[in-house]
Amino acid sequence: MYLSENEIKELAQNKETVLRSFLEKRIPEGYYLDYKIELSRKADKDEKREFLKDVTGFANANGGNIIIGAQEPAEALALEDQLIGILDGDKIAHNLERLASSSIDPRIPGLRILPVALSIGGSKSRYAIVVHIPPSLGRPHMVNYKDEKGKEHKTFYVRHTESTVSMSTHEVRESVFASASAEARVKDYLERMEKDASQYFIESSPTFLMQAMPLLSHVQPWNVLGDKIRSVLCDHQRHQKYEPEFALMCYSTSATLDGIKGEGSGNNPNWVVEVHRNGYISLTYKKEKKKFDDSEEYFLHKKDCNLFKAFCDICKDVIAIMDSDSTYILRCKLLNAREVVLLYSSSWSPNLPDKKGPYGKREMIWHDQAHQVGEGFEPIIEKWSIQLFNAFGLDGPT
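All residue numbers in the sequence shown are consecutive under the working numbering, ending with 435.
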């Protein structure tokens with residue numbers, strides 16, 4: 038992939054300078070990149086089908102970018118001549134989004150089709166269209182398209198060097214196996230890290246374990262020992278968003294065999310954050326007993342949902358800094374959960390919370406969530422918050 042996730046975010050804000058800076062690198066067409074002066078208008082080509090072919094071809098390989106409205110760089114071609122643009126590019130981009138949504142099966146997570154207004158063409162507004170196709174674990178993706186003559190096209194394509202061709206039976210089979218093996222690899226790593234997390238809190242205290250793991254392996258291991266990752270772990274501004282106990286501001290960081298970890302204050306901190314070189318992020322958070330109605334118990338409350346927000350904030354910041362372009366799987370568990378009870382406010386006595394529980398089961402397990410490229414974390418936070426209350430027979434936070 039040549040266009041980074043940060044560059045894609047800036048292009049989504051219609052920043053022409055980002056596109057021009059990329060074109061100045063003079064990167065030729067290849068396995069990850071394709072230039073098109075315009076959509077195909079050859080008599081023997083269906084431009085919609087060709088677009089779907091190119092997009093699925095990249096998705097079924099390792100992702101890539103298509104720049105529509107630009108010529109491939111050549112030694113004698115100046116940048117101003119390379120960037121041509123197309124008329125009505127904003128409308129065309131919208132139509133291409135609808136086409137991809139309806140004619141690619143399954144849909145490609147994180148696919149972005151971005152019109153970028155260009156300062157050329159005089160009074161006529163011209164656009165380049167940047168198509169960003171991230172690596173996909175949903176592959177193989179099939180073109181499922183009916184042309185204007187009513188003929189159906191159902192074909193798998195894959196990108197080979199500088200061309201896109203139909204996938205062979207062997208390639209389709211290998212693509213399916215690769216997706217399955219990647220999911221198995223992620224689950225295996227999450228389970229192994231769960232066992233390792235017990236080294237921090239081996240006593241019987243209820244402990245949240247939150248994990249995030251990329252579905253696709255990074256080409257190069259992350260450098261997680263630099264100042265940028267440490268600044269995320271030691272972020273003082275999280276105190277302004279959440280109550281102090283959920284700010285998760287590390288008071289110390291140290292290198293580990295897998296990457297880096299940060300811890301809360303004291304000789305026996307109640308939480309630990311880890312970031313590994315393979316993109317793995319985790320939070321281990323131990324609950325403590327608190328007094329309520331003359332008794333000490335392990336309590337959960339709707340304010341505990343701030344823990345989900347804080348963890349997702351860390352994930353968002355780390356992923357942005359490392360410019361990750363991968364779908365993530367997020368997992369949440371509450372270990373040693375038998376004794377926890379839930380405090381919730383009833384409508385008739387909002388100042389005196391009612392109590393549900395104890396939970397009774399050894400673990401509270403949330404549904405795994407997928408975070409796609411370009412999406413926010415808010416839907417995951419909301420689902421986990423609702424499921425926390427569902428575990429005690431309630432519809433959601435009150």
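By construction, the Cβ of each residue, glycine as well, lies at the ideal position given by its N, Cα and C atoms.
| Asked | Found |
| --- | --- |
| Identify which residue in W259, L380, F283 has its Cα closest to the Cα of V355. | W259 |
| Does the separation of the CB atoms of V168 and E53 fall below 7 Å? | no |
| Return the first residue and the last residue of the alpha helix (DSSP H) that S205 is part of. | Per DSSP, S205 belongs to no alpha helix (DSSP H) and is neither H nor E. |
| Along the chain, where does the beta strand (DSSP E) containing F245 start, and where does it finish? | 244 to 251 |
| When we look at the beta-carbon of P172 and count the other beta-carbons within 10 Å, is it buried (16 or more) or exposed? | buried |
| By how many angstroms is the C-alpha of K73 removed from the C-alpha of G126? | 13 Å |
| Pick from C349, M359, E44: whose alpha carbon is nearest that of C369? | C349 |
| Tell me the DSSP bridge mates of Y182? | H190 |
| Is S319 helix, strand or coil by DSSP? | strand |
| From R86 to C287, what does the alpha carbon distance come to, in whole angstroms? | 52 Å |
| Let me check understanding here. Comparing Cα to Cα, which of L379, D391, R314, S319 lies closest to L294? | R314 |
| With the cut-off set at 7 Å, would you say G122 and I157 are in Cβ contact? | yes |
| I need the straight-line Cα distance from D405 to E117, nearest angstrom please. | 48 Å |
| Please state whether DSSP places L338 in a helix, a strand or coil. | Before going on, a small fix: residue 338 reads as His here, not Leu. The answer is coil: DSSP assigns H338 none of H, G, I, E or B. |
| Do K324 and Y335 come within 7 Å of each other at the CB atom, strictly closer than that value? | yes |
| Where does G94 sit, in a helix, a strand or coil, going by DSSP? | helix |
| From what residue to what residue does the beta strand (DSSP E) around W308 run? | 308 to 313 |
| So what's I157 in DSSP terms, helix, strand or just coil? | coil |
| If I141 sits next to V180, beta carbons under 8 Å apart, how far is it from one beta carbon to the other, in whole angstroms? | 7 Å |
| State buried or exposed for F426, treating a residue as buried only when at least 16 other CB atoms are found within 10 Å of its CB. | buried |
| State the DSSP-derived secondary structure class of A107, mapped to helix, strand or coil. | strand |
| I need the DSSP call for L148, collapsed to helix, strand or coil. | coil |
| Tell me the DSSP bridge mates of K393? | L379 |
| May I ask you to report which of helix, strand or coil DSSP gives S384? | Reliability fails at S384, whose pLDDT of 49 lies under 50, so the model's placement of it is uncertain and the value that follows must be treated cautiously. It is coil, neither helix nor strand. |
| To the nearest angstrom, how far is the alpha carbon of I417 from that of H131? | 27 Å |
| Taking the alpha-carbon positions, what's the P387 to D432 distance? | Low confidence applies to P387: its pLDDT is 48, below 50, so where it sits in the model is not reliable, and the reading given next is rough at best. Each residue's alpha carbon lies about 17 Å from the other. |
| State the Cα-Cα distance for the pair A137 and L174, rounded to the nearest angstrom. | 17 Å |
| What are the residues that DSSP puts in a beta bridge with V167? | I104, L151 |
| Do T244 and L270 come within 7 Å of each other at the CB atom, strictly closer than that value? | no |
| Quick one: Cα of A80 to Cα of P177, how far? | Summary for A80: the model assigns pLDDT 48, below 50, so the residue's position carries little reliability, and this model does not support an answer. |
| Which first and last residues belong to the alpha helix (DSSP H) in which G126 is found? | 126 to 140 |
| With a threshold of 16 other CB atoms inside 10 Å of the CB of P65, please say whether the residue is buried or exposed. | exposed |
| In or out: Y39 buried (at least 16 other Cβ within 10 Å) or exposed? | exposed |
| Do the CB positions of Y194 and G263 come within less than 7 Å of each other? | no |
| Could you compute how far the alpha carbon of V92 sits from the alpha carbon of E220? | 23 Å |
| On the criterion of 16 or more Cβ atoms from any shown chain inside 10 Å, does F214 qualify as buried, or is it exposed? | exposed |
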